[in-house]
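Report on one structure; see the data block that follows.
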Amino acid sequence: MAGLGQIAPFILTYWQHFLALLLGYVLAEVFRSRSSNKPRKIEAISTDKTGIVREADIQCEPPSASTASEKQPTIKTSDAATEEEHPSPEEDAFDLESGKHIPYSIERYGEDEMKKRSQEFYLEMNKRRSVRYFSNEPVPLEVIENIVRTAGTSPSGAHTEPWTYVVVADPEMKAQIRDLIEDEERVNYEKRMGQKWVDDLKPIGTTWKKPYMTTVPYLIIVFKQVYGLTDSGHRKTHYYHEISTSISVGMLLLAIHHAGLVTLTSTPMNAGPRLRVLLERPANEKVVLLLPVGYPAENALVPDFKRKPLDEVMVLK
Ligand SMILES: Cc1cc2nc3c(=O)[nH]c(=O)nc-3n(C[C@H](O)[C@H](O)[C@H](O)COP(=O)(O)O)c2cc1C
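80 is the number of the first residue of the sequence shown in my numbering; add one for each residue after it.
Dropping the structure here:
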C-alpha cells in the first residue's frame, strides 16, 4: 500500500498520458484484427509491372452454391498445394472487392461425352485449309457479323479487347485494296523478300497477284489497337495487344470454318500504313492480317500438306 501511496501522485499528475497510451493500444489492436481478416496475396504469385498475374500453374476452385462475393474461391499453387491440401481463404490471391463478379458455370459432360466432343471438334477443325481460290457467291452479312462476334469473345490482356475488324463488302473498295496490295507485293516478291523466301513459298504457289481479293464477297482487315483512348482522349495501355489480337483471329478462323466458309490468313507486307489510310482507321491501329472470306471456288486446290503428329507438337511431363 505504501508503494501505491508513492505512485498515486505520479498517476494523478500524468493520467492524461496514460489514457492516451491505453487508447492508442486499443485502436492498434482493432486495426490489426481487421487487416488479418482481409484476403492476403499468396507469395508464390508474382505480378509483373503491368500488374498481370505471372504464376502459370494456378488452379482455382470457384465458389460453389454461394456467389463469388459471399465466398472466396480457394487457390492452389503447385507448391502451396503440397504444403497444405486445403488452403484457407486467407491465402486467396484474388481481391474480389475491386470489381463486380458474377457466378460462372458451364455445361459439364461425362468423360465419354467429352472424348467424343473433343474428337469431333478436332476432326472438324482438321478440315480447315487456307484457300486461295474463291467463289463470288454472296454470303449473308449476318454470318460475317456472327463470325466477328465470335472473334470478339477472345480473351485479351486486362480485357482491353485491342482489335478492330474492318469488313469490306464494297466492290470499289475491294478493287482499291487489291491494287494497293499487288503494288506492294510485286516489290516484295521482286526485291524485298529475297530468293530464299520466294523459294520457300513455291510449294504453296503464291505470287504477287491476288485476284481473289476482288472475287470474294468480303475482305476482313484485322487491326490491332496498339493503345486505346479514354473518353477524355488520354492514352490507355493495351497490354499484349499483338498476342491478344492473334488469339482473337484464331477464333475468327474457327468460326469461318464452322460456318462452312473459307479464308486465307494473309499478311499484307508493307501495305499496312496505306491500308490504314485507305480504310480511314486512327493512328493507334496497325494492320495485322487481311482475310478474304467466302465460299471456295468449285475447282479450288490446296497444297497437299500433312500436319505434324501429336507426339511432335505435344510434350507430356
Ligand atoms: C501468320 C500467317 C501469315 C500468312 N501469310 C500468308 C500470306 O501472306 N499469303 C498466303 O498465301 N498464305 C499465308 N499464310 C497461310 C499459310 O501459308 C498456311 O496457313 C500454311 O501454308 C498452312 O496451310 P493451311 O492453312 O491450309 O493448313 C499465312 C499464315 C499465317 C499463320
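Where a beta carbon is used, it is the ideal one built from N, C-alpha and C, also for glycine. Predicted model only: the values in this text are computed from it and were never measured.
> Using the rule of at least 16 other Cβ atoms within 10 Å of the residue's Cβ for burial, across every protein chain shown, is Ser345 buried or exposed?
Replying inline: buried
>> Quick check: does the Cβ of Thr286 come within less than 7 Å of any heavy atom belonging to ligand 1?
In response: no
>> So, does the region 305 to 320 touch the region 356 to 367, judging by three or more C-beta pairs under 8 Å?
In response: yes
> Tell me the DSSP bridge mates of Val266?
Replying inline: Paired residue(s): none; Val266 is not in a bridge.
> Unbroken alpha helix (DSSP H) runs of length 4 or more, entirely within the region 213 to 299: which are they?
Replying inline: 220 to 230, 250 to 266, 274 to 279 and 291 to 294
> Got a sec, what are the start and stop residues for the beta strand (DSSP E) Leu340 sits in?
Replying inline: Unbroken run through Leu340: none, as it is neither H nor E.
>> Check for me: the alpha helix (DSSP H) holding Lys315 runs from which residue to which?
In response: Premise fails: Lys315 lies in the beta strand (DSSP E), Arg314 to Thr316, not in any alpha helix (DSSP H).
> CA-CA distance, Ala99 and Ala172?
Replying inline: 38 Å
> With respect to 7 Å, is the separation between the Cβ of Val246 and the closest non-hydrogen atom of ligand 2 below this value?
Replying inline: Absence of ligand 2 from the depicted structure is noted, with ligand 1 being the only ligands included.
> For Lys179, which of helix, strand or coil comes out of DSSP?
Replying inline: coil
>> On the CB-based measure, 16 or more other CB atoms within 10 Å of its CB, does Pro407 come out buried or exposed?
In response: With the chain covering 80 to 396 only, the question about residue 407 has no answer from this structure.
> Going straight from the alpha carbon of Glu190 to that of Glu251, what length do you get?
Replying inline: 52 Å
>> Please return the same chain residues whose Cβ sits closer than 8 Å to the Cβ of Pro296, not counting the five positions on each side in sequence.
In response: Asn215, Glu216, Pro217, Val218, Ala248, Val372 and Gly373
> Closest to Phe213 by CA distance: which of Arg265, Tyr93 and Leu298 is it?
Replying inline: Leu298
> Under a Cβ-count criterion, where at least 16 other Cβ atoms within 10 Å of its own Cβ denotes burial, should Arg314 be classed as buried or exposed?
Replying inline: exposed
> If you drop the 5 nearest sequence neighbours on each side, which residues of the same chain put their C-beta closer than 8 Å to that of Val222?
Replying inline: Ala338 and Leu340
>> Which residue marks the beginning of the beta strand (DSSP E) containing Leu370, and which one marks its end?
In response: Glu364 to Gly373
> Gln198 bridges to which residues according to DSSP?
Replying inline: Bridge partners of Gln198: none, in fact.
>> Taking the beta strand (DSSP E) that Leu358 belongs to, which residues open and close that run?
In response: No beta strand (DSSP E) contains Leu358, which DSSP labels as neither H nor E.
>> Helix, strand or coil for Leu395? Go by DSSP, reduced to three states.
In response: coil
> What residues match up with Tyr306 in a beta bridge as DSSP calls it?
Replying inline: Thr316
> Does ligand 1 have even one heavy atom less than 7 Å from the beta-carbon of Phe384?
Replying inline: yes
> Name the DSSP beta bridge partners of Val301, please?
Replying inline: Tyr244 and Leu368
> So Gly236 and His317 are in contact, right, with Cβ under 8 Å, and what is the actual spacing, rounded?
Replying inline: 7 Å
> With burial defined as no fewer than 16 other Cβ atoms inside 10 Å of the residue's Cβ, what is the status of Val367: buried or exposed?
Replying inline: buried
> Lys288 and Glu261 look like a contact to me (Cβ under 8 Å); what is the Cβ gap, rounded to whole Å?
Replying inline: 6 Å
>> Here's the rule: buried if 16 or more other CB atoms are within 10 angstroms of the residue's CB, otherwise exposed. What is Ser184?
In response: exposed
>> Whether or not the region 228 to 245 and the region 327 to 336 are in contact is what I'm after, with contact meaning three or more pairs of Cβ atoms, one per stretch, closer than 8 Å; do they touch?
In response: yes
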